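Heads up: the structure comes next, in C-alpha coordinates.
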Amino acid sequence: MRNVSFGRAAFGSLVLALVVVVVGGGAAACSSERPSAATEAPSPSPSSSPTPDSKHAPRTIVMPDLVGQYWTDAEPVLRATGWRGILSKGADVPNSGYRTNQIVTQDPAAGRLIGADTVITMQFAT
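Here my numbering is used: the first residue of the sequence shown is 911, the next is one more, and so on.
Okay, structure coming up:
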(Lines of atoms letter the chains of each structure in order from A and count residues from 1; the text may use other names and numbers.)
(Lines give C-alpha, C1' and ligand atoms only; values in the text may rest on other atoms or scores of the structure.)
Protein backbone atom coordinates (compact mmCIF):
# COMPACT_ATOMS: atom_id res chain seq x y z
CA MET A 1 0.00 0.00 0.00
CA ARG A 2 2.84 2.29 0.78
CA ASN A 3 4.29 1.95 -2.73
CA VAL A 4 0.92 2.85 -4.20
CA SER A 5 0.69 6.05 -2.20
CA PHE A 6 4.30 6.89 -3.08
CA GLY A 7 3.43 6.31 -6.74
CA ARG A 8 0.40 8.60 -6.43
CA ALA A 9 2.50 11.27 -4.73
CA ALA A 10 5.15 11.04 -7.44
CA PHE A 11 2.46 11.18 -10.12
CA GLY A 12 0.86 14.19 -8.41
CA SER A 13 4.22 15.98 -8.31
CA LEU A 14 4.77 15.24 -11.99
CA VAL A 15 1.32 16.61 -12.89
CA LEU A 16 1.96 19.70 -10.77
CA ALA A 17 5.32 20.25 -12.49
CA LEU A 18 3.69 19.94 -15.92
CA VAL A 19 0.95 22.40 -14.96
CA VAL A 20 3.55 24.91 -13.80
CA VAL A 21 5.52 24.54 -17.04
CA VAL A 22 2.44 24.76 -19.28
CA VAL A 23 0.80 27.61 -17.39
CA GLY A 24 4.11 29.43 -16.97
CA GLY A 25 4.87 29.08 -20.68
CA GLY A 26 1.35 30.13 -21.56
CA ALA A 27 1.61 33.22 -19.41
CA ALA A 28 4.82 34.21 -21.15
CA ALA A 29 3.24 33.60 -24.53
CA CYS A 30 0.25 35.76 -23.59
CA SER A 31 2.40 38.52 -22.15
CA SER A 32 1.54 42.03 -23.26
CA GLU A 33 5.19 42.77 -23.94
CA ARG A 34 6.01 43.32 -27.61
CA PRO A 35 8.67 41.10 -29.12
CA SER A 36 11.96 42.75 -29.93
CA ALA A 37 12.36 44.29 -33.36
CA ALA A 38 14.63 41.43 -34.39
CA THR A 39 11.83 38.88 -33.90
CA GLU A 40 8.94 40.85 -35.39
CA ALA A 41 7.67 39.74 -38.77
CA PRO A 42 7.62 42.41 -41.46
CA SER A 43 4.22 44.00 -41.84
CA PRO A 44 2.42 43.25 -45.11
CA SER A 45 2.22 45.95 -47.72
CA PRO A 46 -1.12 47.79 -47.94
CA SER A 47 -1.65 46.67 -51.52
CA SER A 48 -1.77 43.07 -52.60
CA SER A 49 -1.06 43.84 -56.23
CA PRO A 50 2.32 45.14 -57.27
CA THR A 51 2.44 48.84 -58.06
CA PRO A 52 5.29 50.86 -59.47
CA ASP A 53 7.64 52.49 -56.98
CA SER A 54 6.13 55.90 -56.18
CA LYS A 55 9.43 57.61 -57.05
CA HIS A 56 9.34 56.10 -60.53
CA ALA A 57 5.59 55.87 -61.10
CA PRO A 58 4.29 58.08 -63.89
CA ARG A 59 2.09 61.00 -62.89
CA THR A 60 0.27 60.95 -66.22
CA ILE A 61 -0.49 58.25 -68.77
CA VAL A 62 -2.04 58.09 -72.22
CA MET A 63 -5.45 56.42 -72.00
CA PRO A 64 -5.40 53.28 -74.17
CA ASP A 65 -8.31 52.26 -76.41
CA LEU A 66 -10.12 49.55 -74.46
CA VAL A 67 -13.47 49.45 -76.29
CA GLY A 68 -14.29 45.91 -77.40
CA GLN A 69 -12.04 44.31 -74.77
CA TYR A 70 -13.07 42.42 -71.66
CA TRP A 71 -12.10 43.87 -68.26
CA THR A 72 -9.88 40.85 -67.54
CA ASP A 73 -7.80 41.84 -70.59
CA ALA A 74 -8.12 45.62 -70.20
CA GLU A 75 -7.03 45.93 -66.57
CA PRO A 76 -3.50 44.53 -67.11
CA VAL A 77 -3.08 46.91 -70.06
CA LEU A 78 -4.04 49.85 -67.85
CA ARG A 79 -1.84 48.73 -64.95
CA ALA A 80 1.13 48.33 -67.32
CA THR A 81 0.83 52.01 -68.27
CA GLY A 82 1.18 52.94 -64.58
CA TRP A 83 -2.52 53.55 -63.92
CA ARG A 84 -3.27 53.29 -60.19
CA GLY A 85 -6.86 54.52 -60.18
CA ILE A 86 -10.14 52.72 -59.75
CA LEU A 87 -12.81 51.61 -62.18
CA SER A 88 -16.25 53.18 -62.05
CA LYS A 89 -18.69 50.82 -63.73
CA GLY A 90 -21.34 52.71 -65.65
CA ALA A 91 -24.77 51.41 -66.58
CA ASP A 92 -24.90 48.24 -68.68
CA VAL A 93 -25.56 48.76 -72.39
CA PRO A 94 -28.08 46.39 -73.98
CA ASN A 95 -28.19 45.79 -77.76
CA SER A 96 -24.80 47.43 -78.33
CA GLY A 97 -23.55 45.03 -80.96
CA TYR A 98 -20.79 43.89 -78.59
CA ARG A 99 -20.69 40.56 -76.78
CA THR A 100 -21.81 40.38 -73.16
CA ASN A 101 -19.22 41.94 -70.82
CA GLN A 102 -17.20 43.62 -73.56
CA ILE A 103 -16.36 47.28 -72.96
CA VAL A 104 -18.74 49.49 -74.96
CA THR A 105 -17.67 52.96 -73.76
CA GLN A 106 -14.79 54.41 -71.79
CA ASP A 107 -14.27 57.78 -70.19
CA PRO A 108 -11.70 59.32 -70.55
CA ALA A 109 -11.50 58.63 -74.26
CA ALA A 110 -8.60 56.77 -75.86
CA GLY A 111 -5.53 58.91 -76.53
CA ARG A 112 -6.21 61.43 -73.75
CA LEU A 113 -3.47 62.30 -71.28
CA ILE A 114 -4.80 61.48 -67.79
CA GLY A 115 -3.50 61.38 -64.24
CA ALA A 116 -2.24 57.97 -63.12
CA ASP A 117 -4.83 57.94 -60.32
CA THR A 118 -7.78 59.03 -62.49
CA VAL A 119 -11.11 57.23 -62.04
CA ILE A 120 -12.02 55.52 -65.30
CA THR A 121 -15.68 54.91 -66.15
CA MET A 122 -16.60 52.04 -68.43
CA GLN A 123 -19.89 50.65 -69.66
CA PHE A 124 -20.22 46.99 -70.54
CA ALA A 125 -22.44 45.15 -73.00
CA THR A 126 -25.29 42.99 -71.74
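C-beta: ideal position from N, C-alpha, C; glycine also.
Keep in mind it's a predicted model, so treat the numbers as computed, not measured.
Return the first residue and the last residue of the beta strand (DSSP E) that residue i is part of.
i       : result
Gly1021 : Careful: Gly1021 lies outside any beta strand (DSSP E) and carries neither H nor E.
Gln1033 : Ile1030 to Phe1034
Any idea if residue i is buried or exposed, counting beta-carbon neighbours within 10 angstroms, 16 or more meaning buried?
i       : result
Ala1001 : exposed
Ala872  : Within the shown structure, residues of the chain are numbered from 911 to 1036, placing residue 872 beyond reach of any answer.
Arg1022 : exposed
How about residue i and residue j: are their beta carbons less than 8 angstroms apart?
i       : j       : result
Ile996  : Val1029 : yes
Pro968  : Val987  : no
Gly1025 : Thr991  : no
Ser1074 : Thr1031 : Outside the modelled stretch of the chain, which goes from 911 to 1036, sits residue 1074, for which no answer is possible.
Arg989  : Asp1027 : no
Three or more C-beta pairs closer than 8 angstroms, one from the segment 1005–1018 and one from the segment 977–987: is that the case here? The segment 1005–1018, when compared against the segment 977–987, does touch it at the 8 angstroms Cβ threshold.
Length at least 3, wholly inside the segment 970–1001: the beta strand (DSSP E) runs in chain order: You should have 970–972 and 997–999.
Does the count of Cβ pairs from the segment 996–1009 and the segment 1018–1026 closer than 8 angstroms reach three? By the Cβ criterion, the segment 996–1009 is not in contact with the segment 1018–1026, since fewer than three pairs of Cβ atoms, one from each stretch, lie closer than 8 angstroms.
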